[in-house]
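So the sequences go chain by chain: E and L.
Our numbering numbers the first residue of the first sequence as 1 and each following residue consecutively.
Our numbering numbers the first residue of the second sequence as 392 and each following residue consecutively.
Note that CB positions come from ideal geometry on N, CA and C, so glycine has one too.
See structure below.
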Amino acid sequence: MSWNKVAVVGAGLIKMGELFDQSYEDMAAGAFRAAVAAVDKGFDPQSVEAAFVATQRGTLWGQEGIGGNTVPSAIGLAGIPCTRIENACPSGSDAFRVGAMAVASGVHDLVLVIGVEKMRDKSTEEGLLSRAAAGHPILTRGETAPVLFAPFATRHMHEFGTTREMLASVAVKNHHNGSLDPYAHFQNEITIEQVLASPPVCSPLHLLDCCPQTDGAAAVLLAPADRADEFTDNPVFVAGFGVATDHPYLHEKTNFVGLQATVTAAERAYAMAGVGPSDIDMCEVHDCFTITEILDIEDLGFFEKGKGGIASLEGETSLTGRIPVNTSGGLLAKGHPIGATGIAQITECWWQLRGEANDRQVAMRNGFALQHNVGGRGSGVSVVNILTNIR
Amino acid sequence: MTSPTRILGLGSSAPSLRIAAADIAASWDRSGGRSQIAACAPDEDTLTLAAAAAQAALLAAGIDASTVDGLWWGTTRPPFAEGPSHAVLASSLSLSDHAGGALFAGSTHAGMDALLSATDAVTAGSARVALVVASDALVPGLGTSFETRCGAGAVAFVLAASGGTATIAARVTRTHPLLDRYRGDNESATRDLYDPRLFREEIFLPVIGEVGTHLAALDPTAWSLPDPDGRLGAVAAKLLGASTPSSADVYGCIGDSGAAAALLGAAPALDVAGTVAVIAFGGGRTTGITISAEAPVPGAAAVLATLAEGRPATYAALLRARAQLVASGETIPMGVPPESALFARGATEMLQMLGGRCADCGTINTPPSIHPVCLSCGGSKLDAVPLARHGIVHTFVINQTMPAPFVAPLPIAVIDLDDGARIMLQVVGDGTGLEIGTHVDLVLRRYAHERGVPVYGWKARSRTTGASS
Numbered sequence: 001m002s003w004n005k006v007a008v009v010g011a012g013l014i015k016m017g018e019l020f021d022q023s024y025e026d027m028a029a030g031a032f033r034a035a036v037a038a039v040d041k042g043f044d045p046q047s048v049e050a051a052f053v054a055t056q057r058g059t060l061w062g063q064e065g066i067g068g069n070t071v072p073s074a075i076g077l078a079g080i081p082c083t084r085i086e087n088a089c090p091s092g093s094d095a096f097r098v099g100a101m102a103v104a105s106g107v108h109d110l111v112l113v114i115g116v117e118k119m120r121d122k123s124t125e126e127g128l129l130s131r132a133a134a135g136h137p138i139l140t141r142g143e144t145a146p147v148l149f150a151p152f153a154t155r156h157m158h159e160f161g162t163t164r165e166m167l168a169s170v171a172v173k174n175h176h177n178g179s180l181d182p183y184a185h186f187q188n189e190i191t192i193e194q195v196l197a198s199p200p201v202c203s204p205l206h207l208l209d210c211c212p213q214t215d216g217a218a219a220v221l222l223a224p225a226d227r228a229d230e231f232t233d234n235p236v237f238v239a240g241f242g243v244a245t246d247h248p249y250l251h252e253k254t255n256f257v258g259l260q261a262t263v264t265a266a267e268r269a270y271a272m273a274g275v276g277p278s279d280i281d282m283c284e285v286h287d288c289f290t291i292t293e294i295l296d297i298e299d300l301g302f303f304e305k306g307k308g309g310i311a312s313l314e315g316e317t318s319l320t321g322r323i324p325v326n327t328s329g330g331l332l333a334k335g336h337p338i339g340a341t342g343i344a345q346i347t348e349c350w351w352q353l354r355g356e357a358n359d360r361q362v363a364m365r366n367g368f369a370l371q372h373n374v375g376g377r378g379s380g381v382s383v384v385n386i387l388t389n390i391r
Numbered sequence: 392m393t394s395p396t397r398i399l400g401l402g403s404s405a406p407s408l409r410i411a412a413a414d415i416a417a418s419w420d421r422s423g424g425r426s427q428i429a430a431c432a433p434d435e436d437t438l439t440l441a442a443a444a445a446q447a448a449l450l451a452a453g454i455d456a457s458t459v460d461g462l463w464w465g466t467t468r469p470p471f472a473e474g475p476s477h478a479v480l481a482s483s484l485s486l487s488d489h490a491g492g493a494l495f496a497g498s499t500h501a502g503m504d505a506l507l508s509a510t511d512a513v514t515a516g517s518a519r520v521a522l523v524v525a526s527d528a529l530v531p532g533l534g535t536s537f538e539t540r541c542g543a544g545a546v547a548f549v550l551a552a553s554g555g556t557a558t559i560a561a562r563v564t565r566t567h568p569l570l571d572r573y574r575g576d577n578e579s580a581t582r583d584l585y586d587p588r589l590f591r592e593e594i595f596l597p598v599i600g601e602v603g604t605h606l607a608a609l610d611p612t613a614w615s616l617p618d619p620d621g622r623l624g625a626v627a628a629k630l631l632g633a634s635t636p637s638s639a640d641v642y643g644c645i646g647d648s649g650a651a652a653a654l655l656g657a658a659p660a661l662d663v664a665g666t667v668a669v670i671a672f673g674g675g676r677t678t679g680i681t682i683s684a685e686a687p688v689p690g691a692a693a694v695l696a697t698l699a700e701g702r703p704a705t706y707a708a709l710l711r712a713r714a715q716l717v718a719s720g721e722t723i724p725m726g727v728p729p730e731s732a733l734f735a736r737g738a739t740e741m742l743q744m745l746g747g748r749c750a751d752c753g754t755i756n757t758p759p760s761i762h763p764v765c766l767s768c769g770g771s772k773l774d775a776v777p778l779a780r781h782g783i784v785h786t787f788v789i790n791q792t793m794p795a796p797f798v799a800p801l802p803i804a805v806i807d808l809d810d811g812a813r814i815m816l817q818v819v820g821d822g823t824g825l826e827i828g829t830h831v832d833l834v835l836r837r838y839a840h841e842r843g844v845p846v847y848g849w850k851a852r853s854r855t856t857g858a859s860s
């Protein structure tokens with residue numbers, strides 16, 4: 001029996017990309033407007049009682065020290081309670097979970113969960129790559145983002161015979177899905193050959209194995225389940241969620257073929273939702289790199305450990321496959337504006353559960369969609385949210 | 392006559408890069424002969440060279456580092472012009488917190504100064520076991536004739552009042568307060584000779600002849616002689632009636648190793664019984680000693696093979712490694728300033744590569760300062776233990792994409808050490824040949840030169856790939 005205490009009554013996002021012409025506040029306002037506009041029976045923006053803001057990189061130039069409180073001001077709701085949630089790459093999905101708990105607790109009825117991230121205001125070197133010099137001065141020296149996942153690719157290939165072609169098939173599939181998603185950063189198809197021939201970024205990962213740096217924002221509106229009908233006849237409910245942490249350093253991992261945080265978070269979410277992997281119709285999972293999606297679909301229970309690569313190559317995760325994965329284009333094609341990523345994934349699940357995903361629509365046989373992020377140093381935290389259209 | 396000082400063992404090291412003199416000279420439209428020099432990679436310096444030589448010497452001598460009473464180190468370029476150079480080296484070698492000794496700098500005579508001072512300490516009884524290291528990595532002015540000769544290397548000796556196979560005996564010094572090669576305060580490059588003929592006729596040959604004549608009277612079987620320009624070593628040997636000095640092989644392999652040159656030049660000759668005459672020169676001082684070996688000195692046999700290891704590099708790579716060629720633009724600062732509290736808490740554990748072994752379950756948690764409880768069982772009694780210095784690669788990456796000051800490609804590996812600990816470290820070299828299962832040794836390297844401060848830690852070095860030596 002699913003939890004179903006909280007409904008998602010609106011969801012929306014802005015077109016992802018290198019949004020040099022939009023401020024952080026512009027993006028937040030755009031995502032909020034999109035979520036409000038998506039509410040079937042109308043929604044008074046002023047009725048939002050509280051907001052949870054997911055922004056991971058809190059060091060925007062000129063905004064150092066500002067937490068979530070810039071967002072209510074930017075969206076015309078100055079004065080409401082607002083809390084920033086930072087939980088690494090799952091910041092958005094964790095803000096969603098916290099927002100759902102705030103509604104379920106009865107403290108607030110109508111809650112905005114919004115993710116906003118500026119990835120491109122800083123140069124690549126001073127922005128994303130600067131983490132090479134962050135953290136422990138010896139143990140994490142040189143640890144850029146792909147260093148967190150590439151060792152898993154090396155080991156997955158070694159233990160299971162996973163190939164670069166299998167990794168590449170993930171990027172090809174997600175770019176295809178992205179080409180069908182008007183919100184995706186990249187809307188072009190690519191080939192396995194292009195992935196293989198792209199320059200190495202962090203061997204064995206090459207450029208097209210990696211997600212881009214993307215600015216973006218996404219928002220959802222939450223209400224108590226028993227008030228959902230005020231807003232829509234086609235509601236989506238929070239069926240369950242799970243969060244798990246793991247040791248923060250790579251040298252503390254006991255294996256390099258899976259992410260324990262994902263496994264544990266998924267167990268908790270499945271138990272709360274009263275479902276298992278075979279009940280999930282589609283999922284939006286954390287594909288910051290191609291190998292990450294392969295780890296995810298194994299760790300989430302969709303495929304046996306070691307079989308994720310061949311399953312991807314054989315199309316089992318395509319729009320018409322056994323379990324469609326990252327129908328929106330995923331982080332690889334839609335983009336990875338970190339704080340917004342989880343909320344954008346939830347928006348895709350919301351559309352799929354409501355039958356509104358247009359050319360990307362997959363068959364929703366059981367009425368369950370799963371959203372997943374994993375991240376942080378050493379992939380030390382994962383969040384899984386399960387949504388349903390079954391009351 | 393006081394009791395002689397004995398040599399228990401010796402070790403040597405050379406940096407990773409080798410550059411043909413012709414390649415350097417060609418960059419300045421000159422011809423440069425067939426010689427080569429050794430030079431430091433960006434993560435090597437006089438301290439990492441000293442550490443490697445010292446470890447090798449302790450191993451050859453069969454001496455545990457904790458029993459060393461003092462470290463005497465000579466180099467023209469300690470990593471800090473003023474700072475904890477000696478303490479960092481001593482800690483990285485896991486010497487006792489109470490170890491004494493001294494750091495000598497100021498001229499290429501510093502290596503001999505270190506040896507003589509250690510010898511005196513042993514003779515006086517203030518040190519039972521003395522560790523002597525001479526290391527250098529010369530930095531010449533660009534475009535000087537000296538540039539094709541400037542090399543790098545290190546040698547270390549373990550001394551004691553008894554045992555071993557060799558004795559440090561005669562000693563003669565001649566001072567001559569004239570400028571030869573030098574650098575002034577705040578100068579980064581060593582100046583070339585003002586006038587080679589003046590140097591040869593008025594400075595070098597007179598003092599070498601005078602000191603060498605004293606040593607020649609002791610009938611040495613081998614010589615280590617300074618060779619400032621690639622010719623004067625042979626001239627000096629002829630002057631003294633010596634056969635080809637053993638130092639010639641060392642100069643040919645790594646170039647002029649500055650403060651290390653005299654002692655390193657003697658090291659190969661100590662592989663056989665005999666008396667080696669050693670002359671150190673620099674900073675207006677010339678000192679001659681003899682080392683008499685009644686049997687091969689442990690470690691001497693490995694010297695030339697150790698110095699021969701290295702990978703070819705271009706002149707541009709050499710200049711980048713010496714920070715004589717620097718890209719424009721900003722570099723990304725280390726998140727943790729080297730002067731800050733995290734280093735105060737973690738400096739020893741990282742320099743000595745310590746882990747915290749759980750008293751309950753035996754799991755090694757690395758590093759101790761960030762693990763108040765055991766990862767495996769939650770136990771809170773963790774004992775600091777040195778990690779094994781050898782292991783096997785469990786998985787790895789090669790990072791090709793990093794901002795300055797990082798140098799790509801940078802291999803990073805997760806390593807299962809022999810004691811069961813798992814650690815992730817950078818791997819020296821470019822990762823060629825690195826595989827799951829590759830055997831690696833841990834070696835001290837300079838991880839960063841941050842806000843002017845060298846930051847040292849351990850890296851993995853493949854045992855099976857020459858490219859990553």
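Could you give the residue range of the alpha helix (DSSP H) that holds L/Val688?
-> It is not in any alpha helix (DSSP H) - L/Val688 carries neither H nor E in the DSSP assignment.
Should E/Lys173 go down as buried or exposed, given a rule of 16 or more other Cβ atoms within 10 Å for buried?
-> The residue is buried, with at least 16 neighbouring Cβ atoms inside 10 Å.
Would you say L/Gly465 and L/Ala501 are within 8 angstroms of each other, going by their C-beta atoms?
-> yes
Strand pairing of E/Thr83, partner residues [DSSP] | E/Phe52
From which residue to which residue does the alpha helix (DSSP H) around E/Arg155 run?
-> 150-160
Where E/Ser203 sits in the DSSP three-state scheme = strand
Do L/Pro759 and L/Ala738 have their C-beta atoms within less than 8 angstroms of each other?
-> no
The segment 183-217 of chain E: positions lying closer than 7 angstroms to chain L by Cβ = Per Cβ criterion, the list reads Pro200, Val201, Cys202, Ser203.
Compute the distance between the beta-carbons of L/Thr566 and L/Asp527, then report whether it is under 8 angstroms.
-> no
Cβ of E/Ser379 within 8 angstroms of any chain L Cβ = no
Can you name, in chain order, every residue of its own chain whose Cβ lies under 7 angstroms from the Cβ of E/Arg84, other than the five neighbours on each side?
-> Val53, Thr55, Gly67, Gly68
So which residues on chain E does L/Ile827 lean against when the C-beta distance must stay under 8 angstroms?
-> For L/Ile827, the chain E residues whose C-beta falls within less than 8 angstroms of its own C-beta are Thr154, Arg155, His158, listed in chain order.
Taking 8 angstroms as the CB-CB limit, is L/Leu484 close to chain E?
-> no
Quick one: using the 10 Å Cβ neighbour count with 16 as the cut-off for buried, is E/Glu143 buried or exposed?
-> buried
Using a Cβ-Cβ distance under 8 angstroms, would E/Thr144 count as near chain L?
-> E/Thr144 has a beta carbon lying within less than 8 angstroms of a beta carbon in chain L.
Considering E/Asn373, what are the terminal residues of the beta strand (DSSP E) in which it resides?
-> 368-375
Assumed close pair E/Gly135, E/Arg377 - CB separation to whole angstroms, cut-off 8 angstroms = 6 angstroms
Figure out for me which residue from L/Ile410, L/Pro433, L/Ala432, L/Leu438 has the closest Cα to the Cα of L/Ser426.
-> Nearest neighbour of L/Ser426 by Cα position, chosen from L/Ile410, L/Pro433, L/Ala432, L/Leu438, turns out to be L/Ile410.
Separation of E/Val263 from E/Lys305, as counted between CA atoms | 11 angstroms
Segment contact, 8 angstroms Cβ cut-off, at least three pairs: the segment 412-425 of chain L with the segment 480-487 of chain L = no
Quick one: what's got a C-beta closer than 8 angstroms to E/Cys82's C-beta in the same chain, skipping five residues either side?
-> Ala50, Ala51, Phe52, Val53, Gly68, Asn69, Val71, Pro72
Which term fits L/Glu730, buried or exposed, when burial requires 16 or more other beta carbons within 10 angstroms of its beta carbon?
-> exposed
Along the alpha helix (DSSP H) that carries L/Pro597, what are the first and last residues, could you check?
-> Unbroken alpha helix (DSSP H) run through L/Pro597: 596-607.
By a C-beta neighbour count over all protein chains shown, 10 Å radius and 16 as the cutoff for buried, is L/Thr458 buried or exposed?
-> exposed
Kindly list, in the order they appear in chain E, the residues whose Cβ is closer than 8 angstroms to that of L/Gly848.
-> Pro137, Ile138, Arg141
Can you pull the chain E residues whose beta carbon is under 7 angstroms from the beta carbon of L/Phe797, in chain order?
-> Ala132, Gly142
Measuring only between beta-carbons, confirm whether L/Leu801 sits less than 8 angstroms from chain E.
-> Contact with chain E is found for L/Leu801, since one of that chain's Cβ atoms lies less than 8 angstroms from the residue's Cβ.
Determine the contact status of E/Ala184 and E/Gly276, defining contact as a CB-CB distance below 8 angstroms.
-> Not closer than 8 angstroms, so no.
Look up E/Val275 in the DSSP assignment and say whether it is helix, strand or coil.
-> coil
For L/Gly491, I'd like the list of residues in its chain whose CB is within less than 6 angstroms of its CB, leaving aside the five on either flank, ordered along the chain.
-> Gly461
Pick from L/Arg591, L/Phe590, L/Pro617, L/Glu593: whose alpha carbon is nearest that of L/Gly603?
-> L/Pro617
Along the chain, where does the alpha helix (DSSP H) that runs through E/His286 open and close?
-> Taken as a continuous stretch (DSSP letters only), E/His286 belongs to no alpha helix (DSSP H), as it is neither H nor E.
From L/Ile783 to L/Met725, what does the alpha carbon distance come to, in whole angstroms?
-> If you take the alpha carbons of L/Ile783 and L/Met725, they lie about 29 angstroms apart.
Beta-carbon proximity list for L/Ser418, same chain, < 7 angstroms, skipping 5 on both sides | Excluding positions up to five away in sequence, the list reads Tyr706.
Going by other Cβ atoms of all chains shown within 10 Å of its Cβ, with 16 needed for buried, is E/Gly115 buried or exposed?
-> buried
Using beta-carbon positions only, say whether L/Val663 and L/Pro687 come within less than 8 angstroms of one another.
-> A contact, by the Cβ cut-off of 8 angstroms.
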